[in-house]
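*Asks:*
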Amino acid sequence: MKNVSKRSKAWLGEIDSTKKYDILEAVELLKKFTLSSFAEKLDVCIRLGIDPRKTDQMIRSSCSLPNGTGKEVRILVIANGEKEKEALDAGADFAGGDSMIEKIQGGWLEFDRVIATPDAMGLVGKIGRILGPRGLMPNPKVGTVTMNIADTVTEIKKGQIQFRTDKSANVHASIGLVSFEPEKIKENLVALYDTLIKLKPASAKGSYIRGVNITSTMGPGIKIDENSLR
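Just remember that this note's numbering sits 25 ahead of the position in the sequence shown, which is counted from 1.
1) Where does methionine 26 fall in DSSP's three states?
2) Checking 8 Å against the spacing of the C-beta atoms, do serine 87 and glycine 184 come in under that value?
3) Buried or exposed, going by whether 16 or more other CB atoms sit within 10 Å of the CB of lysine 151?
4) Use the C-beta contact count for lysine 166: other C-beta atoms within 10 angstroms, 16 or more gives buried, fewer gives exposed.
5) How many Å lie between aspartate 144 and glutamine 187 at the Cα?
6) Would leucine 254 and isoleucine 84 be called neighbours here (beta carbons separated by less than 8 Å)?
7) Can you give me the Cβ contacts of alanine 216 inside the same chain, cut-off strictly under 8 Å, excluding the 5 residues immediately before and after it?
8) Within the continuous beta strand (DSSP E) that includes threonine 240, where are the two ends?
9) What's the C-alpha gap between threonine 179 and leucine 55?
10) Give me the Cα-Cα distance between lysine 248 and glycine 160, rounded to the nearest whole angstrom.
11) Within 10 angstroms of the Cβ of glycine 106, are there 16 or more other Cβ atoms? Answer buried if so, exposed if not.
12) Considering only residues of the same chain and omitting the five flanking positions on each side of isoleucine 71, which have a CB-CB separation below 6 Å?
13) Consult DSSP for serine 228 and reduce its assignment to one of helix, strand or coil.
14) Under 8 Å, with one C-beta from each stretch per pair, do the stretch 231-245 and the stretch 62-71 reach the 3-pair mark?
15) How long is the line joining the alpha carbons of serine 42 and glycine 244, rounded to whole angstroms?
16) What's the call for asparagine 213, buried or exposed, on a 16-neighbour Cβ count within 10 Å?
17) Write down the C-beta distance between arginine 138 and isoleucine 181 rounded to the nearest angstrom, noting that I regard them as a contact closer than 8 Å.
18) Specify the secondary structure class of leucine 202 as computed by DSSP and reduced to three states.
19) Can you tell me whether arginine 78 is helix, strand or coil according to DSSP?
20) For isoleucine 40, count neighbouring C-beta atoms within 10 Å of its own C-beta (all shown protein chains included) and say buried if the count is 16 or more, exposed if not.
21) Could you give the distance in angstroms between the alpha-carbon of alanine 175 and the alpha-carbon of lysine 44?
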């Protein structure tokens with residue numbers, strides 16, 4: 026029989042795996058079991074009633090969390106001329122054209138998000154094999170290929186997240202830190218939940234939101250009652 030750790034035994038003693046919890050109650054439970062020496066993230070998994078094999082039902086987008094993610098995001102903007110200056114003025118950590126492409130080709134990857142202007146996508150194509158596998162490729166579906174550089178940089182710095190459905194029709198996202206106040210975590214989750222509702226594919230049939238679960242980096246998974254998100 027598989028050994029069960031002391032922490033897991035504690036979870037099993039207090040968390041009912043068959044119950045759907047109010048979001049605030051669930052967050053308090055996660056806080057109770059947070060013993061790590063580092064700042065644990067709070068992650069959510071939302072199961073959708075879509076067919077991920079159909080291209081018209083695949084969901085990929087972004088969402089601005091009202092209370093941010095608790096993480097400092099390093100932004101690189103691929104642009105030239107005035108747009109490069111606009112990016113730096115708006116708070117981008119790095120900006121440039123050919124010089125940045127060469128730097129990345131040389132192995133530099135000290136950034137978390139990449140934004141590009143449409144006219145710079147030819148340059149970005151040169152490093153597609155580097156950015157793509159890391160999930161860093163700019164994409165118009167999530168708003169990272171744009172001429173509106175300043176607003177995009179500002180939104181990402183405030184706490185914009187990207188998400189997409191996986192092969193099992195799940196959306197995974199980090200929506201803050203366990204140390205956040207429960208109400209702030211709830212507001213962030215509601216923002217993501219509402220965004221997904223708006224993105225429901227017209228061809229999707231039956232129940233759309235099939236389940237919502239939250240967990241911490243080192244903690245248990247807890248089912249959430251959707252009524253507490255409405």
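Each residue gets a CB set at the ideal place from its N, CA and C atoms; glycine is no exception. In this text, all values refer to a predicted model and were calculated from it rather than measured experimentally.
*Replies:* In terms of the structure at hand:
1) Residue placement at methionine 26 cannot be trusted, given a pLDDT of 40 that sits under 50; what the coordinates show is reported in the next sentence. Looking at methionine 26 - three-state DSSP - the assignment turns out to be coil, as it is neither helix nor strand.
2) Going by C-beta atoms, serine 87 is not nearer than 8 Å to glycine 184.
3) It is exposed - the Cβ of lysine 151 has fewer than 16 other Cβ atoms within 10 Å.
4) Classification of lysine 166: exposed, given that the 10 Å Cβ count is below 16.
5) Approximately 22 Å between the Cα atoms of the pair.
6) Not a contact, by the Cβ cut-off of 8 Å.
7) Hits under 8 Å: Cys88, Ser89, Leu90, Pro91.
8) Residue range 234-241 is occupied by the beta strand (DSSP E) that includes threonine 240.
9) Distance between the alpha carbons of threonine 179 and leucine 55 is about 31 Å.
10) C-alpha of lysine 248 to C-alpha of glycine 160: approximately 28 Å in a straight line.
11) Burial check for glycine 106: the Cβ neighbour count within 10 Å stays below 16, so the residue is exposed.
12) Val196, Val237, listed in sequence order.
13) Under the three-state reduction of DSSP, serine 228 is assigned to coil, being neither helix nor strand.
14) Counting C-beta pairs closer than 8 Å gives three or more between the stretch 231-245 and the stretch 62-71, which meets the contact rule.
15) Pairing serine 42 with glycine 244, the inter-Cα distance amounts to about 14 Å.
16) When all chains shown are included, asparagine 213 counts as buried.
17) The beta carbons of arginine 138 and isoleucine 181 sit about 6 Å from each other, so the pair counts as a contact at 8 Å.
18) In the structure shown, leucine 202 sits in a strand (DSSP, three-state: E or B).
19) In the structure shown, arginine 78 sits in coil (DSSP, three-state: anything other than H, G, I, E or B).
20) Looking at its Cβ environment, which holds 16 or more other Cβ atoms inside 10 Å, isoleucine 40 is buried.
21) Taking the straight line from one Cα to the other gives about 44 Å.
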